[in-house]
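Here the protein sequences line up with chains Y and R, keeping their order.
Quick note: the first sequence uses our numbering, first residue 1, plus one each step.
Quick note: the second sequence uses our numbering, first residue 1001, plus one each step.
C-beta: ideal position from N, C-alpha, C; glycine also.
A short write-up of the structure that comes next.
2 protein chains.
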Amino acid sequence: MRILAKDIYRAAADPGTESEQRSVEVAGWVHRIRELGGITFVILRDRSGMVQLVLSEAEKPNLTLESVIRARGTPALNEKAPGGAELRVTSLEILSRAAPDLPYQVNGDVSKTGLEAILDNRTLSLRNPKIRSIFKVQATIIEAFASYLRSQDFTEIKTSKLVAGGTEGGTELFEVEYFDRKVCLAQSPQYYKETMVSSGLERVFEIAPAYRAEKHDTPRHLNEYVSLDVEMAFIESEKDLIELEKGLLAHIFEEVSRKNRDDVAAWNATVPDPNLVAKAPTVPYDEAMTIATAEAANNKGGGGKIFDINPEAERFLCTWAGREHGIELIFVNQFPRRHRPFYTYPLDLGDGKATSTMSFDCLFRGLEITTGGRRQHDYNAFLEVLPRFGLKPEAMENYQTLLKYGCPPHGGFAIGCERLTQKILGLASVKEASLFPRDRKRVEP
Amino acid sequence: MRILAKDIYRAAADPGTESEQRSVEVAGWVHRIRELGGITFVILRDRSGMVQLVLSEAEKPNLTLESVIRARGTPALNEKAPGGAELRVTSLEILSRAAPDLPYQVNGDVSKTGLEAILDNRTLSLRNPKIRSIFKVQATIIEAFASYLRSQDFTEIKTSKLVAGGTEGGTELFEVEYFDRKVCLAQSPQYYKETMVSSGLERVFEIAPAYRAEKHDTPRHLNEYVSLDVEMAFIESEKDLIELEKGLLAHIFEEVSRKNRDDVAAWNATVPDPNLVAKAPTVPYDEAMTIATAEAANNKGGGGKIFDINPEAERFLCTWAGREHGIELIFVNQFPRRHRPFYTYPLDLGDGKATSTMSFDCLFRGLEITTGGRRQHDYNAFLEVLPRFGLKPEAMENYQTLLKYGCPPHGGFAIGCERLTQKILGLASVKEASLFPRDRKRVEP
């Protein structure tokens, strides 16, 4: 029976009573080979971690890095070995011999490898334990997102990514040849999640790809990303959504801390204290501008006024929140009407003009990770607002049906899964947090 | 504080000690209105179920079906009311008044509505509790799929759906305009899940859309579906995968039975006994042909020989399994080489020609719900086989890298989520099990 690398110490420390239990089998990839005085030390990598194999001359075949092997032997304590134990090999089988011309150094130092080289060699770079650890954290994020929402009575949905047109207007859409017509890849499940809320499910979430045909090639953009979408009925304002997201993020941070200790340590990262999430401030847009402007002045010795939540402002606001509230997490709400899509619920700040909205962004460690808000659920208000956004009611027949026949007050948000992963681990680019990232130039592997 | 419909009986039976606890609030959709001697009975629908509201003349506004309302009143036991209790309303607020020209009868009998009408009016038909129940079952399937695999040490992955070319060849692919080039929508995450297995994760799963540009318009085809993908390393043959799928299906059946009793009952469906899954037979392809042919002869009084696992054979084989093994679930393995993609692991049945493969299909209640098998992991065997499938090695550079540098024996399978949902509930068409199905003609809503 095969045992995992992580269990070798236990096998060595507690070999059992029968003599045959002394012999165990491991299987995995040859991560490192070191020769020392006629003895070969092999570090074997499996899904659980690493184990040192000790091969005497007799059992040593012509090993290459990354070959997949199965080894049988005696587990033994050795405080010099990684994990405090090793396997003294008695027999070894090569299951798949790796060619010796490895084009990417799997056991190399990631911090010394450029992003382009990592992505160009994705098939092999994903074998690097430090790189792989990003996606173990991401798996926990996805699981924790779903489990928290289920605990709050949300239902998971799966909606189509092929849509007749874009919800948010016609720009930045990828076109698909769909039999004898053209459709688009969905930018978000906006209409669908609103439909499902209004179906009576009330609380829904979706974990699915979303597409943006943006031409930017920056460390914060992906053309395809995993969108963690939430929508719920019977809210009063965006503040209900901010409360929900706080609970969600606290749970995600807690789960990553608990399940991914080694993965987080590999990146010298610190997961935010889940207990501090509740203390993250919510700041209206105008006030956020003032704070960002003041931070800019302090940081650069007299920066100009900041007029928008641009990437620079996102960084300043998070720095401010970290200093003043103990966590680099901040919710900015009440965005001006002109900054938000047509379906955003308007907010009158007292001038009778409803120039604001019940909307919010969540910024984490200098990056926007969420956009959300309450939606317009009133049919007449919806019809009235469309022309101001250059939209034609007749082109939005499904949206009309949704609102015309009874739609509860509702709202929602979406978290960019790769951005959250990036910021938890402190990765330089969001592309590092996508298994097979798509940007303007890259569609392979 | 709002309570849910399902909690009205408890509120009525145990009103608490203080007088103010007698008053509760509910919110939801007006599902049905009935007038009886000056009293109005409203059936209110929320995410938990239905509750009867009793309105005297004074509190009765001009209600329309599907309007969203909030009602406050006194819960009271009434054995004639659905669930044994009702709310005697003291105040009522309309949150969203539905227009009276409802184009689809939400509270109608689904069995009397044609599929086209249901799909044409999807925004509203999804409000029908029986239709909605399909997707509550589907949510459980997705959750149970993931939780079972996590319990077996699998890691969830999310891979790109935009690919440079199709893994299985160039047919049946949707093309996407990707900036200044064309890419395709992925038919399956085949290469990606094999890459992640080979990265050292060993065991991975993915829940994501998959695309097939098939022109068929049948009750068993969707052009976009949710693929429940599994891949694992260090297997001996497809039999390891069949064992895994049996455990997985048993867990899914168990969870649906436990969590979706009412949803299953709404369709008069019976979830298979989880304990019977282990008894599902595994039958080699040639033997399956013989069984199907014999069944055809018995059923139609002399049907001809069946030469392929076509839809008719799938039905016959499941009927046979149900009769002989107590469950309409059967695994057919050892498909001929010519029926399987290039990456399938060959199997020599004794004639020295390796004309068979370590592959399988899973048939459930007359429908193929899974295709899977062991994959070729040997680089040289891979290079040798490509030309026989009309494929050029140089066009498969990433696949080459995957196999050339150490790849463990591995295999996997994919379950069609909508097909499994369909067959658990006994739906006539797989389209009923897709929230927003895509077929050759349908891309809306």
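Nearest-angstrom beta carbon gap, residue j and residue i [assumed within contact, 8 Å]
i, j, result
"residue 1306 (chain R)", "residue 1293 (chain R)", "5 Å"
"residue 238 (chain Y)", "residue 206 (chain Y)", "Not a contact, Cβ separation roughly 20 Å."
"residue 225 (chain Y)", "residue 418 (chain Y)", "5 Å"
"residue 69 (chain Y)", "residue 92 (chain Y)", "6 Å"
"residue 321 (chain Y)", "residue 280 (chain Y)", "7 Å"
"residue 1043 (chain R)", "residue 1024 (chain R)", "Wrong, their Cβ atoms sit about 17 Å apart, outside the cutoff."
"residue 1446 (chain R)", "residue 1234 (chain R)", "Residue 1446 (chain R) cannot be examined here, being either before or after the span of chain R that is shown, 1001 to 1445."
"residue 407 (chain Y)", "residue 1048 (chain R)", "So it is not a contact: roughly 19 Å between Cβ atoms."
"residue 282 (chain Y)", "residue 331 (chain Y)", "4 Å"
"residue 1288 (chain R)", "residue 1317 (chain R)", "6 Å"
Local Cβ density within 10 Å of residue i, reported as buried at 16 or more and exposed below that
i, result
"residue 1158 (chain R)", "buried"
"residue 1001 (chain R)", "exposed"
"residue 948 (chain R)", "The structure shown does not extend to residue 948 (chain R), since chain R is modelled only from 1001 through 1445, so no value can be given for it."
"residue 216 (chain Y)", "exposed"
"residue 427 (chain Y)", "buried"
"residue 1127 (chain R)", "buried"
"residue 62 (chain Y)", "exposed"
"residue 483 (chain Y)", "Within the shown structure, residues of chain Y are numbered from 1 to 445, placing residue 483 (chain Y) beyond reach of any answer."
"residue 298 (chain Y)", "exposed"
"residue 1274 (chain R)", "buried"
"residue 1315 (chain R)", "buried"
Same chain, Cβ closer than 6 Å to residue i, neighbours up to 5 away in sequence not counted
i, result
"residue 1064 (chain R)", "1098, 1100"
"residue 133 (chain Y)", "263, 266"
"residue 1144 (chain R)", "1251, 1252, 1255"
"residue 55 (chain Y)", "40, 89"
"residue 1379 (chain R)", "1403, 1404"
"residue 1230 (chain R)", "1205, 1412, 1413"
"residue 73 (chain Y)", "87, 88, 89, 90"
Same chain only: Cβ atoms within 7 Å of residue i, ignoring 5 sequence neighbours per side
i, result
"residue 391 (chain Y)", "342"
"residue 1424 (chain R)", "1137, 1256, 1269, 1271"
"residue 952 (chain R)", "Summary: the structure shown does not reach residue 952 (chain R), with chain R confined to residues 1001 through 1445, and so no result is reported for it."
"residue 1184 (chain R)", "1163, 1165, 1166, 1173, 1174, 1175, 1176"
"residue 442 (chain Y)", "119"
"residue 141 (chain Y)", "252, 256, 417, 420, 421"
"residue 371 (chain Y)", "361, 413, 414"
"residue 1135 (chain R)", "1435"
"residue 1327 (chain R)", "1272, 1276, 1277, 1279, 1280, 1321"
Closest residue to residue i among the options (Cα-Cα distance)
i, options, result
"residue 8 (chain Y)", "Y:85, Y:233, Y:139, Y:428", "Y:85"
"residue 6 (chain Y)", "Y:36, Y:61, Y:52", "Y:52"
"residue 1433 (chain R)", "R:1115, R:1034, R:1044", "R:1115"
"residue 122 (chain Y)", "Y:103, Y:112, Y:109, Y:140", "Y:103"
"residue 1261 (chain R)", "R:1130, R:1093, R:1371", "R:1130"
"residue 1362 (chain R)", "R:1244, R:1049, R:1409, R:1035", "R:1244"
"residue 421 (chain Y)", "Y:107, Y:408, Y:371, Y:365", "Y:365"
"residue 1180 (chain R)", "Y:213, Y:22, Y:296", "Y:213"
"residue 398 (chain Y)", "Y:199, Y:195, Y:285", "Y:195"
"residue 1355 (chain R)", "R:1043, R:1314, R:1336, R:1367", "R:1336"
"residue 1445 (chain R)", "Y:43, Y:75, Y:161", "Y:161"
"residue 259 (chain Y)", "R:1094, R:1199, R:1178, R:1150", "R:1150"
"residue 1190 (chain R)", "R:1232, R:1108, R:1350", "R:1232"
"residue 1223 (chain R)", "Y:178, Y:352, Y:146", "Y:178"
"residue 11 (chain Y)", "Y:57, Y:71, Y:46, Y:75", "Y:75"
Own chain, CB closer than 8 Å to residue i, minus 5 neighbours either side, in chain order
i, result
"residue 358 (chain Y)", "237, 238, 333, 334, 344, 345, 346, 347, 373, 374, 411"
"residue 1013 (chain R)", "1077, 1085"
"residue 1376 (chain R)", "1342, 1343, 1344, 1345, 1346, 1382, 1385, 1403"
"residue 118 (chain Y)", "110, 125, 131, 432"
"residue 221 (chain Y)", "212, 214, 430, 439"
"residue 1182 (chain R)", "1175, 1176"
Going along the chain, which residues of the region 94-107 of chain Y sit with their C-beta nearer than 7 Å to a C-beta in chain R? 95, 96, 98, 99, 102
Members of the region 1175-1195 of chain R near chain Y, C-beta cut-off 8 Å: 1175, 1176, 1177, 1178, 1179, 1181, 1183, 1185, 1191, 1192, 1195
Can you list, in chain order, the residues of the region 1021-1040 of chain R whose Cβ is nearer than 8 Å to any Cβ on chain Y? Within the region 1021-1040 of chain R, 1027, 1028, 1029, 1030 place their CB atoms closer than 8 Å to a CB of chain Y, listed in sequence order.
What residues in the region 1126-1152 of chain R bring their beta carbon closer than 8 Å to a beta carbon of chain Y? Listed by position, the residues of the region 1126-1152 of chain R near chain Y (Cβ gap below 8 Å) are 1126, 1127, 1129, 1132, 1135, 1136, 1138, 1139, 1142, 1143, 1146, 1150.
Scan the region 1392-1409 of chain R for residues whose Cβ lies nearer than 7 Å to a Cβ of chain Y and list them as they occur along the chain. Contacts with chain Y (Cβ-Cβ distance below 7 Å) from the region 1392-1409 of chain R involve 1398, 1401, 1402, 1404, 1405, 1406, 1407, 1408, 1409, listed in chain order.
Closer than 7 Å between beta carbons: that is the criterion. Which residues of the region 418-443 of chain Y meet it against chain R? Here the close residues are 435, 436, 438, 440, 443.
If contact means a Cβ-Cβ distance below 7 Å, which residues of the region 1057-1085 of chain R contact chain Y? 1066, 1067, 1068
Short-range partners of chain Y found in the region 1238-1271 of chain R, where Cβ spacing is below 8 Å: none
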